[in-house]
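> Counting from 1, position 509 in the sequence shown corresponds to residue 509 in the UniProt record's numbering; the numbering is continuous, with no gaps.
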Amino acid sequence: MSDRWYQEAVVYCLDIDTYVDSDGDGVGDIRGLIGRLDYLARLGVTCLWLQPVHPSPNRDDGYDATDFYNVDPRFGSLGDFAELLHQAGNRGIKVIIDLVVNHTSDQHPWFQSARSSPDSPYRDWYVWSDTEPSDRHQGMVFPGEQNETWSYDRTAKSWYYHRFYKFQPDLNFSNPAVREEIKKIVSFWLQLGVAGFRIDAVPFIIELTEPGNPNSPKDLDFLTELRQHVQWRRGDAMLLAEANVEPEQLPAYFGDKGGSGNRLHMLFDFMLNGQLMLALAREDPEPIIAALRDTPKLPVGGQWATFLRNHDEIDLSRLTAEQREEVFAKFGPDEKMRLYGRGIRRRLAPMLGNDRRHLELAYALQFSLRGTPVLRYGEEIGMGDDLALRGRDAIRTPMQWSFAPNAGFSSAPAEKLVRPVVDQGDFGFERVNVTAQRRDDRSLLAWFERMIRSLREAPEVGSGTCTHIDKVLPSGVLAHRADGPTGTMLFLHNLGTDDVTVDLGELFEEAHQPTDVLTDRPYDAVGKLDALHLGGYGYRWIRLCRNDAGWSSPASSATA
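And the structure:
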């Protein structure tokens with residue numbers, strides 16, 4: 001792969017504690033994950049994104065770290081982690097980890113020292129106010145679970161800032177010592193062998209918090225500093241960030257006003273995700289077309305990360321109130337399916353009624369759009385959720401490997417599991433598991449393997465341009481193309497339930513023996529592209545032309 005390997009990657013996201021338990025204590029671990037790397041390689045994964053790995057009281061699923069230079073002993077040791085990196089590398093899989101440095105746990109030694117005395121060397125590593133800030137009840141990330149963003153600490157005799165829960169005090173990024181420490185943390189893990197980081201809550205990291213100012217200034221130059229530091233340590237390292245901000249602000253996260261791509265390599269495309277959900281709810285591609293049209297132009301090397309389900313709720317906050325209600329009505333009609341008034345805490349399979357055709361259509365669409373696809377663990381077998389669990393935990397249940405007790409996740413007694421496995425209904429592990437689907441060449445898992453192999457043969461999707469084909473088409477149909485040094489791919493997706501015929505004959509002159517690459521069912525030959533049949537929830541990936549001279553060339557063009 002080129003130095004921009006991330007443009008043509010397939011990213012797989014998992015929590016170590018819910019993936020595989022190798023020692024029977026009820027918690028997934030690194031050794032268990034190592035034993036499943038062959039499964040991930042067969043699936044087609046080229047980049048493994050691990051959610052928080054650090055020691056933690058685990059009050060927020062590991063996002064409350066107490067030591068940034070180690071792994072949680074529940075998962076194993078640093079030696080185990082080094083072995084994971086080695087074994088993943090042997091299979092062509094890069095590993096990135098969560099960088100959660102907006103805050104620490106209140107149990108972190110830094111904070112314990114900071115609160116102990118005004119003279120502590122760590123006092124200024126956090127954000128304090130001697131008087132009650134006027135914006136104390138503003139800016140909560142978790143409305144309904146949070147009541148404030150400033151809390152009074154009796155030991156410190158001062159108020160401290162926490163954008164998230166009160167047990168997660170924010171670090172002070174106005175302090176140069178904090179910035180240097182973050183660079184040291186990054187250097188440590190890069191030296192160990194990670195290929196990059198998914199940076200949590202980036203807009204809050206660059207926030208220079210001022211007590212009483214709910215609109216404190218942001219210093220994007222820190223992202224420039226971090227990018228430069230990372231690339232000096234490992235030239236091909238990648239920074240993937242979470243920044244759910246207004247569209248006009250997004251380009252500044254990739255690079256400065258001069259147009260240089262000198263900040264983040266990748267951003268999750270929250271705008272596209274919301275529009276994808278709206279399009280699936282309406283069975284109408286217009287929201288996707290609008291999202292593609294309104295995508296900001298990225299600097300060379302900049303890339304979007306696409307997703308349908310991530311580790312949190314589906315965030316619909318970028319939709320209008322009316323649009324959000326449409327999606328809620330279709331995919332989250334019960335209040336218990338919703339979270340924070342803005343999102344849906346369900347997996348995709350139950351959202352789509354466990355309709356195999358609809359699931360294939362949704363993922364074929366996501367993986368064919370511009371950017372790098374990110375897949376949440378368990379989605380490849382159509383896992384369900386557990387709405388009886390608290391908040392986001394509903395979609396963080398153990399991976400379902402087999403018919404064995406606890407879905408083959410752990411040999412521990414059920415009451416000792418980190419979370420209960422889904423064992424009832426259509427999504428119970430006895431119906432949905434890897435073993436059963438491995439035996440069935442028509443399973444969803446087998447389909448994902450074929451789809452990802454097809455994607456790997458179409459590098460234009462990740463490193464080329466993406467263009468909506470602006471032509472009157474049958475209702476429900478989206479047609480787009482991907483062009484790159486290696487050739488051109490044409491994609492047709494029918495979001496509706498009616499069979500249709502599509503005429504794209506004007507593209508035939510540029511085609512060189514066009515052929516189907518991936519379809520939902522057998523279709524007649526592509527022919528002259530003037531009578532392309534497409535079933536309800538159907539899709540066709542068609543190679544228009546292939547440039548063998550450019551097939552092995554490094555990716556060089558930015559995604560549109």
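Cβ coordinates follow ideal geometry from the N, Cα and C atoms, glycine included.
Remember, predicted model here, so these are calculated numbers, not experimental data.
Spatial neighbours of Leu-389 within its chain, please: CB distance less than 7 Å, with the 5 preceding and 5 following residues excluded, ordered by chain position.
For Leu-389, where only same-chain residues beyond five positions count, the Cβ hits under 7 Å are Arg-419.
> State the start and end residues of the unbroken beta strand (DSSP E) segment that holds Ala-482.
Looking at the DSSP string, the run of the beta strand (DSSP E) that includes Ala-482 is 477 to 484.
> What does DSSP give as the partner residue(s) for Val-27 in the beta ladder?
Beta-bridge pairing links Val-27 to no other residue.
> Just to confirm my understanding: we take Ala-555, look at its own chain, exclude 5 residues before and 5 after, and list those with CB closer than 6 Å. What are they?
For Ala-555, the predicted structure reports a pLDDT of 37, less than 50, and the residue's modelled location is therefore unreliable. The matter cannot be settled from this model.
> Have a look at Ala-201 and Ala-243 and give me their C-alpha separation to the nearest angstrom.
Going from the Cα of Ala-201 to the Cα of Ala-243 covers about 6 Å.
> Does Gln-249 come out as helix, strand or coil in the three-state DSSP assignment?
Here Gln-249 sits in helix by DSSP.
> Please confirm whether Asp-124 and Asn-172 have their CB atoms less than 8 Å apart.
Yes.
> Does the region 220 to 233 come close enough to the region 103 to 123 to have 3 or more Cβ pairs within less than 8 Å?
No: the two stretches stay apart, fewer than three of their Cβ pairs being nearer than 8 Å.
> Run the CB neighbour count on Asp-130, radius 10 Å, all protein chains shown included, and call it buried at 16 or more, exposed below.
With fewer than 16 Cβ atoms within 10 Å of its Cβ, Asp-130 is classed as exposed.
> If Ala-9 and Thr-486 are in contact, beta carbons under 8 Å, what's the gap, nearest whole angstrom?
Contact doesn't hold; Cβ gap of about 16 Å is too wide.
> Pop quiz: Val-422 and Met-383 are said to be a contact at Cβ under 8 Å. What is the actual Cβ separation, rounded to whole angstroms?
That pair is a contact at about 7 Å.
> Report the option in Lys-166, Pro-143 and Val-327 whose CA atom is closest to the CA atom of Gln-275.
Closest option to Gln-275, Cα to Cα, is Val-327.
> Can you give me the start and stop residues for the beta strand (DSSP E) that Tyr-39 sits inside?
Note, Tyr-39: premise wrong, no beta strand (DSSP E); alpha helix (DSSP H) at 37 to 43.
> So, for Glu-246: in the same chain, excluding its five sequence neighbours on each side, which residues have a beta-carbon less than 6 Å away from its beta-carbon?
Counting only Cβ-Cβ distances below 6 Å, and skipping sequence neighbours, we find nothing.
> For Lys-336, count neighbouring C-beta atoms within 10 Å of its own C-beta (all shown protein chains included) and say buried if the count is 16 or more, exposed if not.
Answer is exposed; the Cβ neighbour count stays below 16.
> In angstroms, rounded to a whole number, what distance separates the CA positions of residue 619 and Pro-73?
Given that the chain is displayed from residue 1 to residue 560, the structure contains no residue 619 and the question cannot be resolved.
> List in chain order: all unbroken beta strand (DSSP E) runs of 3+ residues lying wholly within the region 49 to 111.
You should have 94 to 99.
> Measure the alpha-carbon distance for Ala-482 versus Asn-215 and round it to whole angstroms.
Distance between the alpha carbons of Ala-482 and Asn-215 is about 40 Å.
> Determine the extent of the beta strand (DSSP E) in which Ser-151 is found, giving its start and end residues.
Segment 150 to 153, the beta strand (DSSP E) holding Ser-151.
> At which residues does the alpha helix (DSSP H) containing Gly-274 begin and terminate?
Note, Gly-274: alpha helix (DSSP H), 270 to 282.
> What residue range is occupied by the uninterrupted beta strand (DSSP E) comprising Phe-403?
Neither: Phe-403 is in no beta strand (DSSP E) and is coded neither H nor E.
> Write down the C-beta distance between Pro-55 and Thr-66 rounded to the nearest angstrom, noting that I regard them as a contact closer than 8 Å.
Confirmed, Cβ separation roughly 5 Å.
> Looking at the strands, I want to know which residues DSSP matches up with Arg-376.
In the DSSP output, where bridge partners are listed per residue, Arg-376 has Cys-13.
> Quick one: grab the DSSP three-state call for Glu-210.
Looking at Glu-210 - three-state DSSP - the assignment turns out to be strand.
> DSSP on Ala-558, reduced to helix/strand/coil?
Its pLDDT being 34, under 50, Ala-558 is placed unreliably in this model, and the value from its coordinates should be taken loosely. Ala-558: coil per DSSP, three-state reduction.
> List the endpoints of the continuous beta strand (DSSP E) containing Arg-356.
Looking at the DSSP string, Arg-356 is not in any beta strand (DSSP E); the run it does join, the alpha helix (DSSP H), is 356 to 368.
> Residues in the same chain with beta-carbon distance under 7 Å from Ile-288, minus the five sequence neighbours each way, listed in chain order, please.
Answer for Ile-288: Gln-275, Leu-276, Ala-279 and Leu-478, listed in chain order.
> The beta strand (DSSP E) with Ile-542 in it runs from where to where?
Run containing Ile-542: 539 to 546, per the beta strand (DSSP E) assignment.
> When the distance is taken between beta carbons, is Glu-360 closer than 8 Å to Gly-496?
It is not a contact, given that the beta carbons lie outside the stated cut-off.
> Counting beta carbon pairs with one atom in the region 231 to 242 and one in the region 183 to 197, are three or more of them shorter than 8 Å?
Yes, since at least three Cβ pairs between the region 183 to 197 and the region 231 to 242 fall closer than 8 Å, the two stretches touch.
> With a threshold of 16 other CB atoms inside 10 Å of the CB of Asp-29, please say whether the residue is buried or exposed.
Under this definition Asp-29 is a buried residue.
> Taking only three categories from DSSP, how would you classify Lys-218?
Reduced to three states, the DSSP call for Lys-218 is strand.
> Which residue's Cα is closest to the Cα of Lys-166: Arg-456, Ser-151 and Lys-257?
If we check each option's Cα against that of Lys-166, Ser-151 comes out closest.
> Pick helix, strand or coil for Val-502, following the three-state DSSP scheme.
Correct three-state label for Val-502: strand.
> Can you check whether the CB of Tyr-539 is closer than 8 Å to the CB of Leu-507?
No, these two residues do not count as a Cβ contact at 8 Å.
> Inspect the CB distances between the region 68 to 82 and the region 461 to 475 and report whether three or more fall short of 8 Å.
Touching, no, given that fewer than three Cβ pairs across the two stretches are closer than 8 Å.
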